[in-house]
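Q: Protein chains in written order, with numbering that gives the first Met the number 0: chain A, 0 to 265; chain B, 0 to 265.
Below is one structure. I have some questions about it.
Protein chains: 2
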Amino acid sequence: MRLTKLGVFSSEDDMVKQLLSESQQDYLKIVLDLINEKKVARTKEIAHRKGVSMPSVTEAMQKLSQEDYVQYSAREFIELTPKGEEAAHRLTSKYAFLKHFLVDALGIKDEIADKDACKLEHYLDKSTLDRFILLYQFLTECPKSDKRTINLFKECIKAAEGDFLCDSDCKSCFISSNFPHRYGEKTVHTLLSKLKRGQKGRVIMLGPDSEIRLSLIDKGLLPGSEFHVEEIGGAGRPFVVQTDGCLIELDKAAAKMIEVAIEQPE
Amino acid sequence: MRLTKLGVFSSEDDMVKQLLSESQQDYLKIVLDLINEKKVARTKEIAHRKGVSMPSVTEAMQKLSQEDYVQYSAREFIELTPKGEEAAHRLTSKYAFLKHFLVDALGIKDEIADKDACKLEHYLDKSTLDRFILLYQFLTECPKSDKRTINLFKECIKAAEGDFLCDSDCKSCFISSNFPHRYGEKTVHTLLSKLKRGQKGRVIMLGPDSEIRLSLIDKGLLPGSEFHVEEIGGAGRPFVVQTDGCLIELDKAAAKMIEVAIEQPE
DNA sequence: TAATTTAGTTAGGCGCACCTAATTATCCAA
DNA sequence: TTGGATAATTAGGTGCGCCTAACTAAATTA
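Next up, the structure:
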């Protein structure tokens with residue numbers, strides 16, 4: 000949470016990241032895109048793509064040219080210096096990968112993936128990015144029991160989008176028929192709806208109903224959340240649980256979709 | 000990439016997100032934390048946790064109290080209003096999940112996970128967060144062939160960290176012995192090191208050497224990148240490939256670690 | 001080639017999230 | 001109970017990234 004402006008940089012690139020603001024990074028990417036697409040980058044087009052006014056672009060280009068990222072003099076074509084080209088390319092390739100990951104592996108909608116990839120690209124640590132790459136490779140390329148893992152995951156997504164077409168041999172995860180699935184070990188898994196007043200628990204999984212899942216995200220009850228049952232629901236009254244000092248109301252349908260771990264069976 | 004300040008909000012919460020700046024969101028989370036930990040939130044402690052000066056906190060609290068997120072009057076205890084509590088809790092629970100995901104599923108180092116989770120929490124779209132939850136559930140909870148998927152993935156991470164302890168029955172993914180692994184279909188998969196000058200290709204996977212992978216991230220050659228071979232390496236000279244209008248140099252060791260897809264075998 | 005349109009720039013401002021320095025309120029201990 | 005330490009606030013200032021309005025240069029076209 001704390002952000003110190005200075006820090007230890009593991010490589011030159013991290014320094015670049017620190018030296019260029021998010022906005023400046025966006026300008027560089029846009030300039031690179033334009034040069035690749037249309038051979039030249041012009042103020043008006045940059046302004047349009049970034050959704051800002053032309054004077055903002057002029058100002059930004061002046062600053063970037065001072066730092067030797069772009070070659071700029073008034074009313075001339077804007078070009079990238081080698082330094083700028085390198086930075087822009089690095090950013091673009093991260094962005095492209097992340098968008099790919101979000102769209103191909105997670106099935107995020109295109110416009111949202113665009114927006115999120117752009118943010119991730121600015122903020123994700125290199126080591127995290129590396130793990131995303133490994134994960135992506137694992138999901139898409141791991142040839143396992145004839146089926147790539149990604150297909151399994153896609154089935155899960157499909158099921159979890161309210162498309163309950165799960166065939167009987169699909170034993171995997173949180174798909175309706177056998178949810179919740181894991182019992183035993185040290186803790187016992189059950190559904191939140193089965194708890195009694197006063198019991199403490201921890202959310203393990205959210206069930207397959209997409210709408211309910213999103214509402215739980217809103218309410219702030221996610222996998223990993225620890226809570227305490229304040230009121231059990233019934234006859235039109237909601238369940239009330241406490242996490243983090245906050246009370247959350249859940250209707251029965253939602254409570255039935257939350258797999259929880261509890262310490263002791265009573 | 001473009002960010003319009005206004006937009007269509009799918010729920011009230013998205014509005015909250017828009018109305019509170021990133022910094023303000025951080026303040027709310029910190030205040031909630033402090034109240035839960037120490038019963039009271041005080042200017043000095045908030046300043047300390049956020050890494051800012053006390054006047055900054057005062058100013059922020061004044062603004063937040065105008066918007067009815069905190070109850071604040073000069074020199075009195077800072078409390079959250081119900082509105083603020085709700086917002087803070089939502090943020091905190093997202094953050095907690097994301098950190099969990101990064102640490103438990105991806106094996107990111109704690110401090111880095113902290114930093115990245117905090118950023119993700121601010122920027123990820125709700126639908127993306129939902130997919131991260133599904134992915135987390137898939138990885139950690141999907142009981143598949145006796146082993147949870149996460150363990151498979153962890154083996155991959157281990158192997159991909161230079162810890163080549165891969166046993167023979169591990170057919171999974173990018174682990175040394177059988178990398179690259181996928182041939183056939185419409186494109187042919189091979190290693191970048193085997194390409195000839197002028198060939199075009201697309202990066203499919205990066206190999207198991209962690210150091211090389213990080214250097215490729217730096218250089219901007221990631222899964223999905225399309226490129227064109229400019230120079231083939233040999234006798235001390237590097238491979239040169241072109242992506243995105245930029246030239247990238249690779250030594251032979253790196254070129255051998257990049258699985259690529261090409262259109263036609265010659 | 002002069003008139004008009006369009007592109008780009010300068011000038012001047014604004015809000016945000018910070019800062020330091022100076023001031024004031026509060027608490028505690030002698 | 002009072003004086004000093006500590007906490008909190010006000011006052012005033014900075015940089016960044018954006019804006020509008022006004023101006024200038026370049027391109028088009030009648």
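C-beta atoms are modelled at their ideal positions from N, C-alpha and C, and glycine is treated no differently.
None of the values given here were measured: they were computed from a predicted structure.
Could you tell me the alpha carbon to alpha carbon distance between A:Val259 and A:Leu220, rounded to whole angstroms?
A: Answer to the nearest angstrom: the Cα atoms are 11 Å apart.
Q: Going by DSSP, name the residue or residues bridged to B:Ile247.
A: Beta-bridge pairing links B:Ile247 to B:Val240.
Q: Give the interface partners of A:Thr242 over in chain B, defined as CB-CB distance under 8 Å, in chain order.
A: Simply His88 and Ser92.
Q: Anyone know if the C-beta pair for A:Tyr122 and B:Lys118 falls short of 8 Å?
A: Against a cut-off of 8 Å, the Cβ pair of B:Lys118 and A:Tyr122 comes out as a contact.
Q: At a Cβ threshold of 8 Å, is A:Tyr68 touching chain B?
A: It does not: the Cβ of A:Tyr68 has no partner Cβ on chain B nearer than 8 Å.
Q: Please return the same chain residues whose Cβ sits closer than 7 Å to the Cβ of A:Leu101, not counting the five positions on each side in sequence.
A: Cβ neighbours of A:Leu101 beyond the five flanking positions: Ile107, Ala112, Asp115 and Ala116.
Q: In chain order, what residues of the same chain lie with their CB nearer than 6 Å to the CB of A:Glu78, ignoring the 5 residues before and after it?
A: For A:Glu78, where only same-chain residues beyond five positions count, the Cβ hits under 6 Å are Gln70.
Q: Taking DSSP as the reference, what is the three-state secondary structure of A:Leu19?
A: Residue state, collapsed to three classes: coil.
Q: In the DSSP output, what is A:Met204 paired with across the bridge?
A: A:Glu258, per the DSSP bridge assignment.
Q: So A:Lys251 and A:Ser192 are supposed to be a Cβ contact under 8 Å. How far apart are they, rounded?
A: The pair is a contact, with the Cβ atoms about 6 Å apart (cut-off 8 Å).
Q: Going by DSSP, what residue range makes up the alpha helix (DSSP H) through B:Thr189?
A: Premise fails: B:Thr189 lies in the beta strand (DSSP E), Val187 to Leu190, not in any alpha helix (DSSP H).
Q: Checking the sheet assignment: what are the DSSP bridge partners for B:Ala40?
A: Its beta-bridge partners are B:Ile77.
Q: Any idea if A:Gly232 is buried or exposed, counting beta-carbon neighbours within 10 angstroms, 16 or more meaning buried?
A: Burial call: buried.
Q: For A:Gly183, collect the residues of the same chain with a Cβ closer than 8 Å to its Cβ; drop the 5 residues on either side in sequence, then sort them by chain order.
A: Annotation note: pLDDT 44 at A:Gly183 (below 50); position unreliable, no value reported.
Q: Use the C-beta contact count for A:Pro207: other C-beta atoms within 10 angstroms, 16 or more gives buried, fewer gives exposed.
A: Label assigned to A:Pro207: buried.
Q: With distance defined between alpha-carbon atoms, name the residue in A:Lys49, A:Ser20, A:Ser22 and A:Glu21 nearest to A:Leu33.
A: The shortest Cα separation from A:Leu33 among A:Lys49, A:Ser20, A:Ser22 and A:Glu21 belongs to A:Lys49.
Q: What does the Cβ neighbour count give for B:Val202, buried or exposed, with the cut at 16 atoms within 10 Å?
A: Classification for B:Val202: buried.
Q: In this structure, does DSSP put A:Gly83 in helix, strand or coil?
A: Residue state, collapsed to three classes: helix.
Q: On the DSSP letters alone, give me the boundaries of the beta strand (DSSP E) that A:Phe226 sits inside.
A: Note, A:Phe226: beta strand (DSSP E), Glu225 to Glu230.
Q: Looking at the C-beta of B:Asn150, does it have a partner C-beta in chain A at a distance below 8 Å?
A: False, the Cβ-Cβ gap to chain A never drops below 8 Å.
Q: Mind pulling the chain A residues with CB within less than 7 Å of B:Gln24?
A: The contacting residues do not exist; B:Gln24 stays about 10 Å from chain A at best.
Q: Going along the chain, which residues of the stretch 197–222 of chain B sit with their C-beta nearer than 8 Å to a C-beta in chain A?
A: Those would be Ile203, Met204, Leu205, Ser209, Arg212, Leu213, Ile216, Asp217, Lys218, Gly219, Leu220, Leu221 and Pro222, in chain order.
Q: Could one say the Cβ of B:Asp250 lies closer than 8 Å to chain A's Cβ atoms, at least one of them?
A: Cβ-Cβ to chain A under 8 Å: no for B:Asp250.
Q: Report the rounded CA-to-CA distance for A:Glu225 versus A:Asp243, giving the unit in angstroms.
A: Roughly 8 Å separates the two Cα atoms.
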